[in-house]
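Line by line, the protein sequences give chains A and B. When we follow the numbering used here, the leftmost residue of the first sequence carries the number 1, and every step to the right adds one. When we follow the numbering used here, the leftmost residue of the second sequence carries the number 1001, and every step to the right adds one.
2 protein chains.
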Amino acid sequence: MTNPEPSSDAVATPKGGSAHADEDIARIVEAIVYLYTESRRVTKELARAFGLTGPQVTVLKMLEGIGGLSLSDLSARMSARNSTVTGIADRMERDGLVERKRDEDDRRIVRIRLTDEGRALASEIPVESMEVFGAALRALDHEERRSLRRILRRLSDQVAELVETKETELRQRQAEQGDGA
Amino acid sequence: MTNPEPSSDAVATPKGGSAHADEDIARIVEAIVYLYTESRRVTKELARAFGLTGPQVTVLKMLEGIGGLSLSDLSARMSARNSTVTGIADRMERDGLVERKRDEDDRRIVRIRLTDEGRALASEIPVESMEVFGAALRALDHEERRSLRRILRRLSDQVAELVETKETELRQRQAEQGDGA
DNA sequence: ACGGGATATTTCGCATGCGAAACTTCTCCC
DNA sequence: GGGAGAAGTTTCGCATGCGAAATATCCCGT
């Protein structure tokens, strides 16, 4: 995999980025993709023993921990979009695991909570989402975990900021469009 | 994640299962999911400006860097399954970006490489996959990146080992089935 | 040479996952 | 209080993403 010269016309070395740093970055990105993908796959496979999919386990465990959640809150906690979670909730409702209920105060909101059957199943399931990854993390010593958590926290903040900026720009461009035209 | 067990306090469990560690682990998993998901989303959006999807950019950039790859090699490098990449290659072939060619020596293998059009498009595209995440990583200092890379490397090895073990068990169980039954 | 197992790819059905548009309900401002 | 716009959810069409089964090819022992 040691590629000395990756296509020079790409974003090879932007600013102060030494080839050194780029190499580190490439490996880190690779590792993140690998860890996420592989963990997801294993979770999915474990879930299958209970007749569930990966995301369904995530929802079950999330609703077990907290009482009920609006569809939007659930989406946000899962890092997924509403339109995605609607489908997951549909299938879980079909299977009798969760139920939808309109909020009385604000009838736009849909509250989702476990049925008795869903709660029973949730208590049987030993795995959390991303179980393998969690197991690997337990093998790290205290200091490394601390360090990792701190660095990832900074990265998350950074990414959130970049996304925020991008969305703001987008919104402004849309406002200009709707205004000037 | 909110352990149902009543306050077992921060009693240091021998196996490293203190509430302290669990909290760290939960946050780390959260962060990984967030970073992966959000980066993927941004890449997809950037790709759209070129009439491409996220994975298509990944394939384009991968084939640009290396000459041609078998479908299996491509899958492995993308952390995806063959059946997934078959579909991606289908659509890229339909759009004239890549072409398939049977290997002459081993006719089971399908070599995939860029067409002229694909190569031209690849050279126009400034983004790598997971671009935002890469940008965030550049904001870290050298030491942190080094540390992160080292820890993720260990985690990847750990996960790979767990997966390997699991697959071996599965294979043995299958062998017993086919044999002893 | 030939037959069974191994390897590479594709096909099929299903579950995400997403953005854009449609709907419903709420809110705020005149 | 009424209408414009915001907020929450769903619908729709499309692209992953996967496992299991089907196909095609190779390889190895006899």
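Just so it is clear, CB atoms sit at the ideal spot from N, CA and C, and this is done for glycine as well.
Problem - Contacts of M1062/B in chain A (Cβ-Cβ under 7 Å) - result: For the purposes of this step, residue 1062/B is taken as the residue at position 62 of the second sequence. The contacting residues do not exist; M1062/B stays about 10 Å from chain A at best.
Exercise for the section: At 9 Å on the CB atoms, spell out the chain A contacts of S1147/B, in chain order. Expected result: Along the second sequence, read from residue 1 onward, the residue named residue 1147/B stands at position 147. The contacting residues are E144, S147, L148 and I151.
Exercise for the section: Mark R1100/B as exposed unless 16 or more other C-beta atoms lie within 10 angstroms of its C-beta, in which case mark it buried. Expected result: Position 100 of the second sequence, counted from the start, is the residue given in the question as residue 1100/B. With fewer than 16 other Cβ atoms within 10 Å, it is exposed.
Problem - Three-state class that DSSP yields for E164/A in the structure shown - result: Sequence index remark: in the first sequence, residue 164/A carries index 164 (1-based). Note: E164/A maps to helix in three-state DSSP.
Handout entry: Distance between beta carbons of S129/A and G54/A, contact taken as under 8 Å
Key = Stepping through the first sequence from its first residue, residue 54/A is reached at position 54. Stepping through the first sequence from its first residue, residue 129/A is reached at position 129. 7 Å between Cβ atoms; contact.
Exercise for the section: Might you give, ordered along the chain, the residues of its own chain that have their beta carbon closer than 8 Å to the beta carbon of T115/A, omitting 5 neighbours on each side? Expected result: The residue labelled residue 115/A in the question sits at position 115 within the first sequence. For T115/A, the CB contacts under 8 Å within the same chain, skipping 5 residues up- and downstream, are G96, L97, V98 and E99 in chain order.
Exercise for the section: With a threshold of 16 other CB atoms inside 10 Å of the CB of S1039/B, please say whether the residue is buried or exposed. Expected result: Numbered from 1 along the second sequence, position 39 holds the residue referred to as residue 1039/B. If you draw a 10 Å sphere on the C-beta of S1039/B, you find 16 or more other C-beta atoms in it, and that means buried.
Practice task
Measure from the alpha carbon of E1131/B to the alpha carbon of each residue in P126/A, L162/A and E131/A, then state which is nearest.
Solution key: Taking the second sequence and counting its residues from 1, the one referred to as residue 1131/B is at position 131. Per the Cα distances, L162/A.
Practice task
List the endpoints of the continuous alpha helix (DSSP H) containing L1097/B.
Solution key: As a working mapping, residue 1097/B is identified with position 97 in the second sequence. Premise fails: L1097/B is in no alpha helix (DSSP H) and is neither H nor E.
Problem - Burial state of T1168/B, where buried means 16 or more other Cβ atoms lie within 10 Å - result: Sequence index remark: in the second sequence, residue 1168/B carries index 168 (1-based). T1168/B sits exposed, since fewer than 16 C-beta atoms from the chains shown fall within 10 Å of its C-beta.
Problem - Within chain B, partners of A139/A - CB distance below 7 Å - result: For the purposes of this step, residue 139/A is identified with residue 139 of the first sequence, where counting begins at 1. Those are Q1158, listed as they occur along chain B.
Exercise for the section: Could you tell me the distance, in whole angstroms, from the CA atom of R1102/B to the CA atom of A1047/B? Expected result: To locate residue 1102/B, count along the second sequence from 1; it is residue 102. To locate residue 1047/B, count along the second sequence from 1; it is residue 47. Taking the straight line from one Cα to the other gives about 29 Å.
Handout entry: N- and C-terminal bounds of the alpha helix (DSSP H) containing I1028/B
Key = Here residue 1028/B is taken as the residue at index 28 of the second sequence, counted from 1. Counting along the chain, the alpha helix (DSSP H) containing I1028/B begins and ends at A1019 to R1048.
Problem - 8 Å Cβ cutoff, D24/A in contact with chain B - result: Here residue 24/A refers to the residue found at position 24 of the first sequence. Yes, its Cβ sits closer than 8 Å to a Cβ of chain B.
Exercise for the section: Quick one: list the residues of chain B neighbouring L194/A, beta-carbon separation under 7 Å, in chain order. Expected result: Only positions 1 to 181 of chain A appear in this structure, which leaves residue 194/A out of reach.
Exercise for the section: Work out the CA separation of T1086/B and R1108/B for me, nearest whole Å. Expected result: The residue labelled residue 1108/B in the question sits at position 108 within the second sequence. The residue labelled residue 1086/B in the question sits at position 86 within the second sequence. Going from the Cα of R1108/B to the Cα of T1086/B covers about 14 Å.
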